[in-house]
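Enquirer:
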Amino acid sequence: MGTGINTERLILLARLCYSPMGIEALEDLLTGDKPSDEKAGEFVRNLIEMGHMGALEHWYTTFAVEGYSRISSQQNDRHRLLKMFKDHGVVYMNDPEQGSPFTSQLQQSQRYVKEDNFRYVTPPSFARHPEFLRKYEKLQEEVLELQREGLSLGLPAEDVRFALTNATETRFVITTNARQLRHMFNLRCCQRAQWEIRQMFTKLLDEYKRIAPNIFYRAGASCDDLGYCPEGKMSCGRAPTLEALQKAYKNERERARTS
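In this text, residue positions in the sequence shown follow the numbering used here: the first is 15, and each later residue adds one.
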């Protein structure tokens, strides 16, 4: 990852919303030296603090992942798929932020790529139970042998793959914009996220904060980004919930009214 160009300047396009400037002036913002990169970064952070996140949709990125299981790729796919419409008014059944038409995913196919020497992921928790770990590893070895046997018999790879487990390693590529990626960080860096996908997105967050520190200013789990937990009763307790803050605000208003 990385580029010699300060791509964060793309977000300066949002100045079009606040000034009568023409298109040529916008081009000068992107390619010139005014404002400075430091001032441009300050502008980006101010947009984030104001909640003007639409500007971040102009910053696209692509990243590739390997060494993770099919389970992690299935969770990632949820960010791409939009649910069915609730009615003809184009109202989504789910929160529209959960899925995005601006997120694309490519994944290595188990139908066309023969898994006769596949790698698999082992959850760290298995190490606490050596006998269970041994059985798990034995199962994966048996699946591998079954794959090889099926392929040697001339069975279609798309049929032999039925024996593969969710532990099988996969490779995939995701393209998305900064707004949606920040939302993915909100969900996947959370302490309540599944350990594997949390590990993946924690590493991605470190990398994106390195290459675009202003665009990913304050990015991370919802509590890091928003300052509260949107999980309600399912909160881990790391930050106050939105309901708790609303209740405290209501109580404070009531005290002020009666004092």
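Just so you know, even glycine gets a beta-carbon here, dropped at the ideal spot from N, CA and C.
To the nearest angstrom, how far is the alpha carbon of Q205 from that of T136?
Expert: Stepping through the sequence shown from its first residue, residue 205 is reached at position 191. Stepping through the sequence shown from its first residue, residue 136 is reached at position 122. Those two C-alpha atoms are separated by around 20 Å.
Enquirer: Assign G168 to one of three DSSP states: helix, strand, or coil.
Expert: Walking along the sequence shown from the start, residue 168 turns up at place 154. G168 falls in the coil class under three-state DSSP.
Enquirer: Name the DSSP beta bridge partners of E183, please?
Expert: Looking up residue 183 in the sequence shown gives position 169. BP columns for E183 point to S83.
Enquirer: Out of curiosity, what's the CA-to-CA distance linking Y222 and I25?
Expert: Numbered from 1 along the sequence shown, position 208 holds the residue referred to as residue 222. Numbered from 1 along the sequence shown, position 11 holds the residue referred to as residue 25. Straight-line Cα distance between these residues: approximately 16 Å.
Enquirer: What residue range is occupied by the uninterrupted alpha helix (DSSP H) comprising Q260?
Expert: Locating residue 260 in the sequence shown gives position 246, counting from the first residue. Unbroken alpha helix (DSSP H) run through Q260: L256 to T272.
Enquirer: How far does the alpha helix (DSSP H) with D124 in it extend, from its first residue to its last?
Expert: On the sequence shown, residue 124 is found 110 positions in, with the first residue counted as 1. It should be pointed out that residue 124 corresponds to Gln in this sequence rather than to Asp. Element bounds for Q124: n/a, residue is neither H nor E.
Enquirer: Look at A253 and C243 and say whether their C-beta atoms are less than 8 Å apart.
Expert: Residue 253 sits at position 239 when you count from the first residue of the sequence shown. Residue 243 sits at position 229 when you count from the first residue of the sequence shown. Contact flag set, yes.
Enquirer: Measure from the C-beta of L120 to each C-beta in chain C and report whether the shortest distance is under 8 Å.
Expert: Looking for chain C here will not work: only one protein chain is present.
Enquirer: Y74 to S86, Cα distance in whole Å?
Expert: In the sequence shown, residue 74 corresponds to position 60, counting from 1. In the sequence shown, residue 86 corresponds to position 72, counting from 1. Using only the alpha carbons, I get a separation of about 22 Å.
Enquirer: Can you tell me whether A28 is helix, strand or coil according to DSSP?
Expert: Mapped onto the sequence shown, residue 28 falls at position 14. Looking at A28 - three-state DSSP - the assignment turns out to be helix.
Enquirer: Given G103, which residues of its chain have a CB within under 6 Å of its CB, disregarding the five upstream and five downstream residues?
Expert: Here residue 103 is taken as the residue at index 89 of the sequence shown, counted from 1. At G103, the pLDDT of 42 sits below 50, so the modelled position is not reliable; the number obtained from the coordinates is stated separately. Cβ neighbours of G103 beyond the five flanking positions: none.
Enquirer: My assumption, with CB atoms under 8 Å, is that E183 sits in contact with R133. Please give the rounded CB distance.
Expert: Start at 1 with the first residue of the sequence shown, and residue 183 comes out as number 169. Start at 1 with the first residue of the sequence shown, and residue 133 comes out as number 119. About 4 Å separates the two Cβ atoms, so the contact holds.
Enquirer: When burial is assigned at 16 or more other CB atoms within 10 Å of the CB, is D101 buried or exposed?
Expert: Working through the sequence shown from its first residue, we reach residue 101 at position 87. Confidence at D101 is low in this model, with a pLDDT of 40, below 50, so its placement is unreliable and no value can be given for it.
Enquirer: Which value, in whole angstroms, describes the spacing of the CA atoms of K217 and E22?
Expert: Translated into positions along the sequence shown, residue 217 becomes position 203. Translated into positions along the sequence shown, residue 22 becomes position 8. Looking at the two C-alpha atoms, the distance is approximately 20 Å.
Enquirer: Rounded to a whole number of angstroms, what is the C-alpha to C-alpha distance between T190 and R269?
Expert: Residue numbering aside, residue 190 sits at position 176 when the sequence shown is read from its first letter. Residue numbering aside, residue 269 sits at position 255 when the sequence shown is read from its first letter. Looking at the two C-alpha atoms, the distance is approximately 46 Å.
Enquirer: With a threshold of 16 other CB atoms inside 10 Å of the CB of R142, please say whether the residue is buried or exposed.
Expert: Locating residue 142 in the sequence shown gives position 128, counting from the first residue. Exposed.
Enquirer: From the DSSP secondary-structure annotation, give me the bridge partner or partners of F77.
Expert: One-based indexing of the sequence shown puts residue 77 at position 63. F77 pairs with I188.
Enquirer: Decide if the stretch 57–69 is in contact with the stretch 26–34; the criterion is three or more beta carbon pairs, one per stretch, under 8 Å apart.
Expert: These segments touch.
Enquirer: Three or more C-beta pairs under 8 Å: does that hold for the stretch 62–78 against the stretch 187–202?
Expert: In short, these stretches touch, since the Cβ pair count reaches three.
Enquirer: Does DSSP put C250 in a helix, a strand or coil?
Expert: Here residue 250 corresponds to residue number 236 of the sequence shown, with the count starting at 1. C250: coil per DSSP, three-state reduction.
Enquirer: I believe N265 touches F186 by the beta-carbon criterion, under 8 Å. Please report the beta-carbon distance rounded to the nearest angstrom.
Expert: Indexing the sequence shown from 1 puts residue 265 at position 251. Indexing the sequence shown from 1 puts residue 186 at position 172. Not really, about 48 Å apart at Cβ, beyond 8 Å.
Enquirer: Can you tell me whether S33 is helix, strand or coil according to DSSP?
Expert: As a first step, residue 33 must be located in the sequence shown, where it is residue number 19. Note: S33 maps to coil in three-state DSSP.
Enquirer: Within 7 Å: the Cβ of I37 and any heavy atom of the ligand FMN?
Expert: With respect to the ligand FMN, the structure offers nothing, as it holds no ligand at all.
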